[in-house]
Amino acid sequence: MNKLTDKISLSELWDFSHPFFIIAGTFGVGKSFLVEQIKEQIAENKEENIFIIHFDLENIKEIEDLSKATTCSFISAGITNNIELDDLPFFLGRFSSLKKQVSNYDINLYEKLIETYELKDYFKFDLSESLETIRSESVLKKLETLFSKKSDVRILTTLFDVLTEAILKSILQTANQYGFNNKYKIFFFFDNYENCSATIDNWIYNHLYKYLNSKTIFDFKSYEIRLEIDKTKLSDIFDFKFIISTRYDFVLKFLLKKENREKIHTIHIEPYTKEQCLDYLSQISSNFDGDTFFKITQGIPFVINQFQNTLNFQIDEPSKKELFKIVYQKIISRIPHNLEKTLQFLAFLEKYSEEAIRCATDDVENYPQIFRYFSANSDLSEVIWLKNQIFKIKDHYQYFITNYIIENMPDKFELIVKTKEQFLKGFATLENLPLIERKILRNLAYFKEFQIGDILHNIFKEDTESVIDFVKSQKDYFIAENKVFRLPDELRNVLLEFNRLVDKERFEQKREYIKNIVETYKNELISRQKNLESEIENLNQKKAELEKQSDNLHLEILTKKDQLLLLENQIIDVKNKKNTFSKRFTWRTFIVLAIISLVFFWAGNNIIYFFDENYDSEAVRGLGVSLKILSLLLIAIITFFVIDYFAISKTKKESINRVEEFLNQIEKERSELERELNQLTQSYNAINSEIQNLNEELKKSRNKKEEIDIALNVDFVE
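Heads up: the sequence shown at position 93 corresponds to 92 in numbering that gives the first Met the number 0, and the numbers run straight through without jumps.
Next up, the structure:
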């Protein structure tokens, strides 16, 4: 098999433009071994002055143990010397002593210190999302009252800066002995630190890296170091690289959020392939079956070493049982203790989701963070269906964890299998839905039937719109009758059993919660129903009164119209009578008749000149006489009219005046009647408009009452 150092090149190792060098790989592939090989390669360089600071953090439990996990060596001209970081244990000891003093004075402040400097992995950090919370002004004032020395306050409030300066001070002291003509190389190694990764990553990026990248000796607060280069940036004195060995690729979250990814170089160490395992068996002249060897070891060097050297290729039941136990302990050594039970269950599933996490954990509050921890951990998990948030534990983890439980924990295995069967039965109905829609459908299963409306809002609060959208878009899941929805009984029963498994003690709590909400809701509906019945009754009474007023007004309007019609007829009769007494002759008529009579007279007098001598003269004269007689008749008519016009009697004038006065009177009555009729019509129209509005209100109220009646008949819960 190839050497691990073949996976990296010397140019990558000595390229300080990438200050972060991450060695990633699953358990047992030789990351720590590679770290040692890299250190050996660095030590072979005889041309550089090199510092190697190695942090092996596997066994540290609290920050005070950091000095025990730290070694420092200086290499010059190929000669390696160990350097004591004397101030590191001093400051850590002082921190421990100060912390104890704080516990005697202020327990809350002591707990704040514990929380701030607790060694957190990323799961614990995800729960609290708090690092270095001790720097608030109120905390600072409390510490200043407890401790007179500013250095003590600084140790408690900025411990990571103090530790950084302590390490760099020791390095600077050694470098000063050799002079600063050339840049020194510093390699920081961090190994086996998954269990405190969030705390250490914070220290690496926000303190060590920032000091070396941007600060000067003059910026140190814990020391006053007098050197000619005290105002020179440390990055001009040192080239530096952080070499980090980890199973998980989500280390250095602080860096990835803020820095260019080009500063990070990552290599992945993979288990050996089946072909490489067969080659290895050939190299060691072993006749052991290659397929069985690869299956048992999964190509992982740590397992290969245990199987070969400890068990001597024995595959009997006790040997396999012992092997799986050793490997299992190796696996869980980097898993948060409270997640072990969850990992055991997930390993038996071909795919898992957030619901599976809830089946396995007793932590009913933090299951989203637990799911995020597993799904984001690319060493443990792989994506099956990203849209629906479905993942699986990787095959080699599944193999070792399941076999360990089968071989060593039969009772646990039996319980897991039973839980798995229950989970898969329920999850089969949900897996085609995204996570949020799975939650909605599961929660709707708590209802025997439901309506879209207030009841959903009362239960789902700000998620109501999402629930309504789901019900409308996923109609195939529901049976709808008269705006009442329900899940088919078979589907609902399956989901209820699934909910019982997933929600655990919350199952009955949810049912009780929904039952109480429904009871309160129905009591509100009954109250609203009574109010609506009263409102409808009042509206009907008001409507009846208005309709009575409308009918009366209608009759009155008809009466007024009849009266108006009589007055109109009377006015016509009076006007006709007035015309009888009026001066019907006019000067225009007189002039027309006078002209006609003159024309006739002139024509009768001169008609003889219109005919020649051949005509009968007697006949012509007769025609002329006739025209003259007609002219005289017209003059008589004109004379009559003139006499009639100028000779009106006093009685006739009085009659005309009386007729005109009467006509004025009845026209005034007509105007008054028209005004009254107009007012009556306006009142009639206003009342009818109000009746129409009441009808609309009644319609709305009856619809609301009908909806309430339907809602009251809905069996939301058993």
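C-beta atoms are modelled at their ideal positions from N, C-alpha and C, and glycine is treated no differently.
Would you tell me roughly how many angstroms separate the C-alpha atoms of residue i and residue j, rounded to the nearest one?
i    : j    : result
E406 : T309 : 18 Å
E518 : A543 : 37 Å
T719 : C358 : The first residue shown for the chain is 0 and the last is 717, placing residue 719 beyond what the model contains.
K38  : S72  : 10 Å
E489 : I478 : 12 Å
V326 : I299 : 10 Å
Y403 : K320 : 7 Å
R669 : Q562 : 9 Å
I803 : L211 : The requested residue 803 does not occur in the structure, where the chain is confined to residues 0 to 717.
L338 : S526 : 50 Å
N498 : F506 : 7 Å
T245 : P88  : 26 Å
V716 : I334 : 42 Å
T115 : I133 : 6 Å
R225 : S95  : 29 Å
K148 : I106 : 21 Å
F217 : L171 : 13 Å
Q569 : K541 : 42 Å
L385 : P367 : 16 Å
N481 : E420 : 37 Å
Let me know if residue i comes out buried or exposed under the rule of 16 or more other beta-carbons within 10 Å of its beta-carbon.
i    : result
W734 : As shown, the chain starts at 0 and ends at 717. That puts residue 734 outside it, with no answer to give.
S16  : exposed
R701 : exposed
V591 : exposed
A23  : buried
A165 : buried
Y445 : buried
G29  : buried
Y394 : Sequence check: residue 394 is Asp here, not Tyr. It is exposed - the Cβ of D394 has fewer than 16 other Cβ atoms within 10 Å.
I628 : exposed
Y279 : buried
D290 : exposed
K184 : buried
If you measure between the beta carbons of residue i and residue j, is that distance less than 8 Å?
i    : j    : result
S533 : I690 : no
L538 : L693 : yes
Q528 : I709 : no
F54  : F188 : yes
S352 : F426 : yes
F19  : K262 : yes
Q151 : H206 : Checking the sequence, you will find Asp at residue 151 rather than Gln. Contact: no.
I331 : T341 : no
Y222 : K273 : no
I415 : F344 : yes
A346 : Q282 : no
E193 : D120 : yes
Residue i lies in the alpha helix (DSSP H); which residues open and close that run?
i    : result
T736 : Because the chain here runs from 0 to 717, residue 736 falls outside it and cannot be looked at.
V483 : It is not in any alpha helix (DSSP H) - V483 instead sits in the beta strand (DSSP E) that spans V483 to R485.
N58  : N58 -> no alpha helix (DSSP H), and no H or E assigned at all.
N212 : K209 to S213
L323 : The sequence given here has Phe at residue 323, not Leu. E316 to I331 is the extent of the alpha helix (DSSP H) around F323.
H395 : D394 to N407
H456 : D453 to F459
K279 : Going by the sequence as given, residue 279 is Tyr instead of Lys. Counting along the chain, the alpha helix (DSSP H) containing Y279 begins and ends at K273 to Q282.
In terms of residues, what are the limits of the beta strand (DSSP E) holding residue i?
i    : result
W202 : W202 -> not in any beta strand (DSSP E); alpha helix (DSSP H) instead, spanning S196 to W202.
G764 : Absent from the model: residue 764. The displayed extent of the chain is 0 to 717, so no value can be given.
A42  : Not the beta strand (DSSP E): A42 falls in the alpha helix (DSSP H), residues K30 to A42.
I78  : I78 to N81
F73  : T69 to S75
A479 : I478 to E480
T265 : I263 to I268
S377 : Premise fails: S377 is in no beta strand (DSSP E) and is neither H nor E.
K184 : Y183 to D190
T245 : F237 to T245
Output needed for residue i: all residues of its chain with C-beta closer than 8 Å, excluding positions within five of it in sequence on either side, in chain order.
i    : result
V713 : E448, F449, Q450 and V483
I59  : L65, K67, A68, L118 and C195
L97  : F146, D151, I154 and L155
S682 : L552
R583 : Legend: pLDDT at R583 = 49, less than 50; position of this residue unreliable, value from coordinates given subsequently. Within the same chain, R583 has no close Cβ partners at all.
Leaving out five residues on either side along the sequence, give the residues of the same chain with a beta carbon under 7 Å from the beta carbon of residue i.
i    : result
V382 : F390
Y177 : N48 and S75
K230 : T215 and F217
Counting only the same chain and skipping the five closest in sequence on each side, list residues whose C-beta sits under 6 Å from that of residue i.
i   : result
S75 : N48
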